Amino acid sequence: MQFPSRVTGGWWWTWRWRWEMIMQWHEYETVQWCQQLVKPGMVVLDIGAHIGYFTWLFSDLVGPSGKVIAFEPCPENYPLLLHNIKARGCHVAEPVCVALSDEIGEVELFISKGNTTHSLNKEFTQNQEGSVRVRSTTVDAYMANVNHLPVGFVKIDVEGVEPQVLTGMMDTIYRNPELVMVVELNPKALEAGGYRAEELIAQLEALGFVPKAIKEDGELVPPFEDSSRKVQNLLCLRASSQVKISLY
1 MQFPSRVTGG WWWTWRWRWE MIMQWHEYET VQWCQQLVKP GMVVLDIGAH IGYFTWLFSD
61 LVGPSGKVIA FEPCPENYPL LLHNIKARGC HVAEPVCVAL SDEIGEVELF ISKGNTTHSL
121 NKEFTQNQEG SVRVRSTTVD AYMANVNHLP VGFVKIDVEG VEPQVLTGMM DTIYRNPELV
181 MVVELNPKAL EAGGYRAEEL IAQLEALGFV PKAIKEDGEL VPPFEDSSRK VQNLLCLRAS
241 SQVKISLY
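First residue of the sequence shown? That's 1 in my numbering, and the numbers climb one at a time after it.
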């Protein structure tokens with residue numbers, strides 16, 4: 001697996017992060033839930049694919065009859081995503097170099113020195129070293145161009161732009177009643193874009209989902225149950241879903 005050459009945090013953190021990715025220990029509790037919920041033959045959207053960690057996982061899970069569409073707008077990360085998809089033999093993965101939001105056109109992507117907090121939200125991007133203009137589209141517009149493939153699972157990790165991505169995929173959500181999502185809830189990133197974490201939770205609920213935070217032991221609990229306001233991954237199932245979930 002190939003990694004960004006510029007990662008901040010010191011050598012110990014950098015190598016631990018790389019080792020965790022190689023061993024699939026990174027965000028392990030989320031990985032476990034994905035292993036339970038992503039099925040052979042599914043179409044999966046990896047929104048904010050970075051260098052392909054979850055793309056790699058999803059490709060294994062959907063198998064040769066499935067498809068993984070991996071969206072990554074960063075001009076530095078995208079070549080690494082391509083390399084890692086090829087090196088891993090992820091033949092069902094389709095990389096797409098575009099930012100997903102609620103706009104079709106171009107947006108400004110703010111680049112972080114450490115290659116970890118690139119964002120469309122300028123105030124969130126840490127150790128900024130400029131910005132680039134990148135193509136943007138919506139999930140709905142993209143899916144319309146691929147004949148509205150039925151989508152079974154979506155992962156969204158876009159450093160605070162989750163509300164806009166959801167706004168741009170309402171038709172896709174409507175078309176896929178058994179859709180399951182994992183959505184990052186990052187209060188600081190959301191606030192940098194003018195949203196509160198509670199607004200993202202309310203948005204998910206208004207779309208018919210029941211968001212649950214994934215704890216470090218894999219347990220599902222209400223968001224911010226411990227009042228820590230830390231970054232959490234939300235497992236989101238429709239209130240009417242017939243999907244059965246159990247980690248053990």
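Glycine is no exception: its CB is placed at the ideal position from the N, C-alpha and C atoms.
Source: prediction; values computed, not measured.
The alpha helix (DSSP H) enclosing I201, as first and last residue numbers: A197 to A206
M23 in three-state terms, based on DSSP: In this predicted model, M23 has a pLDDT of only 49, less than 50, meaning its place in the structure is not dependable enough to derive any value.
Nearest candidate by alpha-carbon position, reference E159, set P150, L185 and H148: L185
Cutoff 8 Å; reference E216; Cβ partners in own chain excluding five residues on either side: E29
Sheet register partners of Q35 (DSSP bridge): According to DSSP, Q35 bridges with nothing at all.
Chain-order list of residues whose beta-carbon lies under 6 Å from that of I103 (same chain, five-residue window excluded): Reading off the sequence, residue 103 comes out as Glu, not Ile. Once the five neighbours on either side are set aside, the close Cβ partners of E103 are S136.
Cβ neighbours of I201 in the same chain (closer than 7 Å, five flanking residues each side left out): P211 and P223
Proximal residues to S241 (C-beta, below 7 Å), its chain only, five neighbours per side dropped: E178
Three-state class that DSSP yields for S65 in the structure shown: coil
Cβ neighbours of L109 in the same chain (closer than 8 Å, five flanking residues each side left out): P73, C74, A99, H118, S119, L120, S131, V132, R133 and V134
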